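Per my numbering, the very first residue in the sequence shown carries number 2; after that it's consecutive. Note that the Cβ used here is the ideal one computed from N, Cα and C, for glycine as well. Predicted model only: the values in this text are computed from it and were never measured.
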Amino acid sequence: MPPAAAAVAAFAAGAGFGSGAAYRAPDVEALANNVARVIEQSGKALAAYMRPRETGAIKATFADDMGEMVRSLGHIAEYYMSEPKRALEAQTALTTQFINLWAATLQRFQGAPAAPVAEPDRSDKRFSDAEWRDNPYFDFIKQAYVLTTRWADDLVRRADELDPHERDKAQFYLRQVTAALSPSNFVATNPELLRMTLQESGENLVRGLKMMTEDIETGKGNLRIRQSDARAFELGVNLAVTPGKVVFRNNLIELIQYEPTTPQVYKRPLLIVPPWINKFYILDLNPEKSFIRWAVAQGLTVFVISWVNPDERHADKGFDAYMREGILAALEAVEQATGERDVTAIGYCVGGTLLAATLGYMAAVGDKRIGSVTFFTALVDFTDAGDLKVFVDAEQLKDVEEKMAEHGYLEGSAMANAFNMLRPNDLIWSYYVNNYLKGKEPMPFDLLVWNSDSTRMPAANHNFYLRHCYLQNDLSNGRMVLGGKTIDLGQVTMPIYELASREDHIAPARGVFRGAKCFGGPVRFVLAGSGHIAGVVNPAGKAKYQYWTDGPPTGDFESWLARANETPGSWWPDWIQWVATQAPEKVPARKPGEGKLKALCDAPGDYVRVKA
């Protein structure tokens with residue numbers, strides 16, 4: 002055996018690596034060749050990263066990107082270092098745990114059993130490989146990581162003299178740091194990656210770096226981690242395939258009317274207002290998951306707003322424009338297409354926030370065209386706004402406004418990154434390991450293709466939303482002004498179906514519950530299982546999750562949930578029963594293009610195809 006191969010074999014067998022796992026020596030010639038290819042590919046990745054920075058296309062520096070994180074965590078360090086007793090107690094707590102861990106690890110290296118000192122959560126997939134448990138070396142690394150991260154998290158939670166917003170920011174950024182520093186993210190400290198690298202003589206790293214270079218080039222100088230194989234999907238072919246026509250278009254929206262599948266339909270048509278932060282086809286991923294297709298099959302005449310993917314031409318389009326040229330223009334188009342002024346509406350996420358504000362404006366001017374409304378995981382009160390609120394304070398908002406002023410919009414990747422940071426282990430680092438260290442292409446998955454199909458945000462709209470909703474909470478407090486009218490949600494009196502999701506990190510159920518009390522009419526509050534997407538897209542035929550009902554949102558959220566009735570399966574049938582009760586009259590089915598509005602093109606239209 003050549004000396005180099007002998008050294009690798011000795012390394013693979015040493016430090017306890019031989020306990021149950023096959024760490025075989027690599028093909029030395031292949032390894033040497035792949036090391037050279039890794040170096041070459043690393044240079045290409047670096048060049049792709051540096052090129053737009055050298056030309057000035059990207060002006061942000063590393064210090065700019067990391068500044069807020071460093072400041073937030075620095076406040077925690079100052080809190081403990083300013084009081085010697087606190088610092089000593091914190092240091093002693095960590096030292097004691099490491100002494101216990103080291104003692105247990107010595108026992109295991111000597112062949113004796115030892116109880117774990119710090120076990121990861123059972124749901125943590127990062128440490129599922131058997132070697133993390135069976136091999137004393139990797140078990141020590143795992144437990145050292147777990148106890149250190151829990152110790153650090155405890156320090157932040159116990160810094161109760163800090164401003165709550167600063168503490169929340171520190172906790173959020175600490176999660177980003179601990180997720181990034183997990184031993185599962187490095188070849189030398191991840192037994193599965195080490196085995197794979199040895200078995201493939203480093204070929205996996207070559208493939209991974211090639212993908213990383215491609216993803217940096219796709220991100221125009223920033224790493225845009227691919228989460229799914231988008232080549233397997235095409236809009237209008239196997240995504241967003243419910244038949245329909247675009248029947249109206251202006252410079253902000255396309256309005257899609259879907260083909261009926263029943264001989265009769267409910268007289269009152271349905272208008273869906275999706276978020277502009279993402280594209281509408283989350284509600285029409287494929288025939289099995291499509292809420293839109295299902296709603297059509299229940300006998301509803303369904304209209305959906307497809308928002309433009311804005312650029313510099315839309316920089317001055319604010320909340321007022323999105324109300325007038327979006328929702329109000331769509332209502333006029335629905336009336337032209339169907340002859341009906343009485344409409345039921347759905348608002349999803351920020352689309353629901355805009356719809357609620359629009360309803361307040363309509364109440365102020367006496368416009369009663371919306372007879373009932375449904376909100377999907379939408380906040381109107383931003384007191385409990387979840388982790389996204391850590392991105393919004395006066396200083397950060399000023400930075401965002403300055404960035405948007407350069408081009409007139411916020412890049413879609415900025416919001417995509419923010420959403421991914423809410424679940425860094427699942428949405429960032431698992432793909433980093435799979436793609437760039439294992440060198441595996443991600444699986445094709447329609448939901449993740451939609452998730453990566455990001456949209457830009459026009460400066461005026463996004464500034465208004467962040468300032469008047471997240472920062473100042475004006476909508477629920479009667480201070481928001483739209484169309485010259487001060488919005489009072491207490492004047493919104495039509496029946497409301499309010500849907501929250503129990504595990505939602507974007508529109509937390511407690512926050513949705515609190516906002517549901519702002520309206521002046523009857524509210525049916527429903528809590529879905531799962532999160533912001535799966536809680537909504539829970540097809541009636543699959544019955545994957547459950548939902549809870551107990552009428553209106555009275556008392557506090559915990560008390561409401563304690564007395565609520567749990568029902569297995571999808572909330573969709575409960576919703577259609579509620580909708581039908583509001584307006585049960587039926588009429589012959591309406592085909593898109595047969596009314597005053599003629600068909601402009603087939604669904605899903607043109608706006609949804611524009612990439613950020």
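Buried versus exposed call for W103 [16 or more other C-beta atoms within 10 Å across all chains shown]: Taking the sequence shown and counting its residues from 1, the one referred to as residue 103 is at position 102. W103 comes out exposed.
Classification of F110 by the beta-carbon crowding that lies within 10 angstroms, buried from 16 upward: The residue you call residue 110 lines up with position 109 of the sequence shown. By the 10 Å Cβ count, F110 comes out exposed.
Touch test, the segment 234-247 against the segment 595-610, Cβ-Cβ under 8 Å, three pairs minimum: Cβ pair count under 8 Å is three or more, so yes.
Span separating the alpha-carbon of R25 from that of A105: The count along the sequence shown starts at 1 and reaches residue 25 at position 24. The count along the sequence shown starts at 1 and reaches residue 105 at position 104. Cα to Cα, R25 sits roughly 28 Å from A105.
Cα-Cα separation, L598 to V305: Locating residue 598 in the sequence shown gives position 597, where the first residue counts as 1. Locating residue 305 in the sequence shown gives position 304, where the first residue counts as 1. Approximately 15 Å, taken between the alpha carbons.
Check whether K268 and K587 have beta carbons under 8 Å apart: For the purposes of this step, residue 268 is taken as the residue at position 267 of the sequence shown. For the purposes of this step, residue 587 is taken as the residue at position 586 of the sequence shown. Yes, these two residues count as a Cβ contact at 8 Å.
Which residues DSSP lists as bridging Y267, in chain order: Within the sequence shown, residue 267 is the residue found at index 266, counting from 1. K587, per the DSSP bridge assignment.
Integer Cβ distance of G387 from P509, believed to fall under 8 Å: In the sequence shown, residue 387 corresponds to position 386, counting from 1. In the sequence shown, residue 509 corresponds to position 508, counting from 1. The pair is a contact, with the Cβ atoms about 5 Å apart (cut-off 8 Å).
Contact the segment 69-81 vs the segment 173-186: 3+ CB pairs below 8 Å: yes
Spatial neighbours of K211 in its chain, beta-carbon cut-off 7 Å, leaving aside the 5 residues before and after: Within the sequence shown, numbered from 1, the residue matching residue 211 stands at position 210. Annotation for K211: Q42 place their beta carbon closer than 7 Å to its own, counting only its chain and skipping 5 residues before and after.
Own chain residues within Cβ distance below 8 Å of N474, not counting five before or after: Your numbering for residue 474 matches position 473 in the sequence shown. Excluding positions up to five away in sequence, the list reads D382, F383 and T384.
Whether P445 touches D230 by CB criterion (8 Å): Mapped onto the sequence shown, residue 445 falls at position 444. Mapped onto the sequence shown, residue 230 falls at position 229. In contact: P445 and D230 (Cβ atoms closer than 8 Å).
Proximity of I488 and G522 at Cβ, strictly below 8 Å: Counting from 1 along the sequence shown, the entry for residue 488 is found at position 487. Counting from 1 along the sequence shown, the entry for residue 522 is found at position 521. No.
Environment of V238 [buried if 16+ CB atoms lie within 10 Å]: Position 237 of the sequence shown, counting from 1, holds the residue named residue 238. Exposed, since its Cβ has fewer than 16 Cβ neighbours within 10 Å.
M495 - DSSP class collapsed to helix/strand/coil: The residue labelled residue 495 in the question sits at position 494 within the sequence shown. It is coil, neither helix nor strand.
Closer than 8 Å to chain E by CB, N464: Here there is only one protein chain, and chain E is not present.
Simplified DSSP state of M458, which is helix, strand or coil: Looking up residue 458 in the sequence shown gives position 457. In the structure shown, M458 sits in a strand (DSSP, three-state: E or B).
I347 - containing beta strand (DSSP E), residue span: Looking up residue 347 in the sequence shown gives position 346. Taken as a continuous stretch (DSSP letters only), the beta strand (DSSP E) holding I347 covers V344 to Y349.
Contact under 8 Å by Cβ, Y546 with A563: Indexing the sequence shown from 1 puts residue 546 at position 545. Indexing the sequence shown from 1 puts residue 563 at position 562. Contact flag unset, no.
For V238, the three-state DSSP class (helix, strand or coil): Within the sequence shown, numbered from 1, the residue matching residue 238 stands at position 237. It is coil, neither helix nor strand.
Distance, G409 Cα to A298 Cα: For the purposes of this step, residue 298 is taken as residue 297 along the sequence shown, with counting starting at 1. For the purposes of this step, residue 409 is taken as residue 408 along the sequence shown, with counting starting at 1. Using only the alpha carbons, I get a separation of about 41 Å.
Member of L286, A296, N223 and Q492 whose CA lies at the smallest distance from the CA of G413: Within the sequence shown, residue 413 is the residue found at index 412, counting from 1. Nearest C-alpha to G413: N223.
Exposure label - N251; buried when at least 16 CB within 10 Å: Here residue 251 refers to the residue found at position 250 when the sequence shown is read from its first residue. Answer is exposed; the Cβ neighbour count stays below 16.
Distance between beta carbons of L490 and C519, contact taken as under 8 Å: Stepping through the sequence shown from its first residue, residue 519 is reached at position 518. Stepping through the sequence shown from its first residue, residue 490 is reached at position 489. Rounded, the Cβ-Cβ distance is 4 Å, consistent with contact.
Backbone CA spacing between Q265 and N436 [nearest angstrom]: Here residue 265 refers to the residue found at position 264 when the sequence shown is read from its first residue. Here residue 436 refers to the residue found at position 435 when the sequence shown is read from its first residue. Near 50 Å, if we compare the C-alpha coordinates of N436 and Q265.
Spatial distance of T378 from Y433 (CA atoms): In the sequence shown, the residue the question calls residue 378 occupies position 377. In the sequence shown, the residue the question calls residue 433 occupies position 432. Taking the straight line joining both Cα atoms gives about 29 Å.
Collapsed DSSP secondary structure at Q299 in the structure displayed: Start at 1 with the first residue of the sequence shown, and residue 299 comes out as number 298. If DSSP states are grouped into helix, strand and coil, Q299 belongs with coil.
DSSP bridge partner residues for A145 (one or two, in chain order): Reading the sequence shown from its first residue, position 144 is the one you call residue 145. Looking at the DSSP assignment, A145 forms no beta bridge with any residue, so it has no partner.
Status (buried if at least 16 other CB within 10 Å, exposed otherwise) for A1: Not covered by the structure: residue 1. The range shown for the chain is 2 to 613.
Cβ pair count under 8 Å reaching 3, the segment 454-462 against the segment 303-317: yes
For I328 and L271, believed in contact at Cβ under 8 Å, the rounded distance: For this step, residue 271 is matched to residue 270 along the sequence shown. For this step, residue 328 is matched to residue 327 along the sequence shown. The pair is not a contact, with the Cβ atoms about 14 Å apart (cut-off 8 Å).
The segment 366-380 touching the segment 330-344, judged by at least three CB pairs closer than 8 Å: yes
Classification of H533 by the beta-carbon crowding that lies within 10 angstroms, buried from 16 upward: Taking the first residue of the sequence shown as position 1, residue 533 is located at position 532. Note on H533: 16 or more other CB atoms within 10 angstroms of its CB, so buried under the neighbour-count rule.
DSSP beta-bridge partners of D603: Here the question's residue 603 lines up with position 602 in the sequence shown. DSSP, once it has assigned bridges, lists K246 as partnering D603.
First and last residue of the uninterrupted alpha helix (DSSP H) at R54: Numbered from its first residue, the sequence shown carries residue 54 at position 53. Per DSSP, R54 belongs to the alpha helix (DSSP H) from V29 to T56.
Those residues which DSSP pairs with S307 across a bridge: Here residue 307 refers to the residue found at position 306 of the sequence shown. For S307, which the question treats as bridged, DSSP gives the partners E255.
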